[in-house]
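Chains as they are written, first to last, in the working numbering: chain A, 1 to 158; chain B, 159 to 292.
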Amino acid sequence: MITRRMFNLPAANFSGSNWNHPFYEMDALKKEMDKWASLMSGRRTFGGRNSGVFPALNITEDKDNYYIRAELPGIKSEEIDIQLNGRSLTISGERKLEQSSDSVKYHRRERDAGKFSRGVMLPNDINGENVNAQMVNGVLTVKVGKAEIAKPKRIAIN
Amino acid sequence: MAETKELQVKEKQEAAAPAEHTKPGLIFTPAVDIYENDNEIILLADMPGVATDDITIDLKDGVLTLTGDVKPWENDDESDVMVEFEIGKYYRQFTLSEAIHQDKIKANFSDGVLKLTLPKVAKAVPRKITVNNG
Numbered sequence: 001m002i003t004r005r006m007f008n009l010p011a012a013n014f015s016g017s018n019w020n021h022p023f024y025e026m027d028a029l030k031k032e033m034d035k036w037a038s039l040m041s042g043r044r045t046f047g048g049r050n051s052g053v054f055p056a057l058n059i060t061e062d063k064d065n066y067y068i069r070a071e072l073p074g075i076k077s078e079e080i081d082i083q084l085n086g087r088s089l090t091i092s093g094e095r096k097l098e099q100s101s102d103s104v105k106y107h108r109r110e111r112d113a114g115k116f117s118r119g120v121m122l123p124n125d126i127n128g129e130n131v132n133a134q135m136v137n138g139v140l141t142v143k144v145g146k147a148e149i150a151k152p153k154r155i156a157i158n
Numbered sequence: 159m160a161e162t163k164e165l166q167v168k169e170k171q172e173a174a175a176p177a178e179h180t181k182p183g184l185i186f187t188p189a190v191d192i193y194e195n196d197n198e199i200i201l202l203a204d205m206p207g208v209a210t211d212d213i214t215i216d217l218k219d220g221v222l223t224l225t226g227d228v229k230p231w232e233n234d235d236e237s238d239v240m241v242e243f244e245i246g247k248y249y250r251q252f253t254l255s256e257a258i259h260q261d262k263i264k265a266n267f268s269d270g271v272l273k274l275t276l277p278k279v280a281k282a283v284p285r286k287i288t289v290n291n292g
């Protein structure tokens, strides 16, 4: 008897464990689709994790510090106010755009001006003495030292 | 423009690349303001995170191309705690309908904002034409 193949699938092997249940093929397809979906939306911000408050922040950490970063193009460092209160960090300020004279014609206006204030709670205790902020090419970086108790410790085995 | 307006978060717009890029990575469209007066066209583009040396401005056949390369600004040993925005290159093209003095283009980059001054060629400057009685 000739074993027929459908859709280029390997010839049915009913004794194999994969064909035990009728929805095997569906499950496999779903897995494949999920894989693709996660590849295509592989961007880390997906999933509605944005707070909706300007500016968007990225927080990273290393052994000793937290780094809070925000893109604030066109804002001078003296126009930004950064406050640290316990574990809560607030970044506020105002973005002013160059005032152009009335005689110009606008073709595009995509850049916004306005006030902003963003608060964020740092995930662990910090050392309020060890904080610095800098603005480079429109990117603000606030470096906050971790408190001693929040730093990872290596535990030696005796 | 209302001074007291609250700034809103804008999702960075991914650029539609004309061709596939050889280097992996995200490419965004910078937000721009474009305005003109009688003598020049001014273009302002937000490109945070780009170093001055990594900006390329190219004007060819009436097409202005802005590119900004971003070097990763995070150290290797940092791990993510919270991520709300992506880091990527900037790319945008414009077709200029008017003749531009190529040699007199001025570009200035400060605080993550590129300001491009494109002077119009004299003939594109509007003239007032007086009609004489004949």
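Here a beta-carbon is modelled for each residue, glycine too, at the ideal position from N, C-alpha and C.
Asked                                                                                                                     : Found
Cβ pair Leu272 (chain B), Met205 (chain B) closer than 7 Å                                                                : yes
Cutoff 7 Å: Asp191 (chain B) Cβ touching any chain A Cβ                                                                   : yes
Asn132 (chain A) vs Lys143 (chain A) beta-carbon contact at 7 Å                                                           : yes
Other residues of its chain near Phe267 (chain B): CB distance less than 7 Å, five sequence neighbours each side excluded : Thr210 and Ile213
Through-space distance from Arg250 (chain B) to Leu184 (chain B), alpha-carbon basis                                      : 13 Å
Cβ-based neighbour list, Asp227 (chain B), same chain, cut-off 6 Å, excluding 5 preceding and 5 following                 : Asp212 and Lys247
The stretch 134-143 of chain A contacting the stretch 109-124 of chain A, beta-carbon criterion three pairs below 8 Å     : no
Backbone CA spacing between Gly52 (chain A) and Thr90 (chain A) [nearest angstrom]                                        : 15 Å
Check whether Asp81 (chain A) and Ser92 (chain A) have beta carbons under 7 Å apart                                       : yes
Reduced DSSP category for Gly211 (chain B) - H, G, I as helix; E, B as strand; rest coil                                  : Residue 211 (chain B) is actually Asp in this sequence, not Gly. Reduced to three states, the DSSP call for Asp211 (chain B) is helix.
Segment contact, 8 Å Cβ cut-off, at least three pairs: the stretch 232-244 of chain B with the stretch 53-61 of chain A   : yes
Under 9 Å from the C-beta of Asn233 (chain B): neighbouring residues of chain A                                           : Thr60, Asp62 and Tyr67
Given Val221 (chain B) as reference, the closest of B:Lys264, B:Glu169 and B:Thr253 once Cα atoms are compared            : B:Thr253
Cβ-Cβ separation, Ile258 (chain B) to Val239 (chain B) (assumed contact under 8 Å), whole Å                               : Wrong, their Cβ atoms sit about 46 Å apart, outside the cutoff.
Beta-carbon neighbours of Lys163 (chain B), restricted to chain A and to distances below 8 Å                              : Asp112, Ala113, Gly114 and Lys115
Residue burial classification, Tyr66 (chain A) (beta-carbon count within 10 angstroms, cutoff 16)                         : buried
Every unbroken beta strand (DSSP E) inside the stretch 224-268 of chain B [3 residues or more]                            : 237-241, 247-253 and 264-268
C-beta contact flag for Leu274 (chain B) and Asp112 (chain A) at 7 Å                                                      : no
Closest by C-alpha distance to Asp103 (chain A), when choosing among B:Ala174, B:Lys181, B:Ala189 and B:Glu198            : A quick correction: the sequence has Ser, not Asp, at residue 103 (chain A). The shortest C-alpha separation from Ser103 (chain A) is found at B:Glu198.
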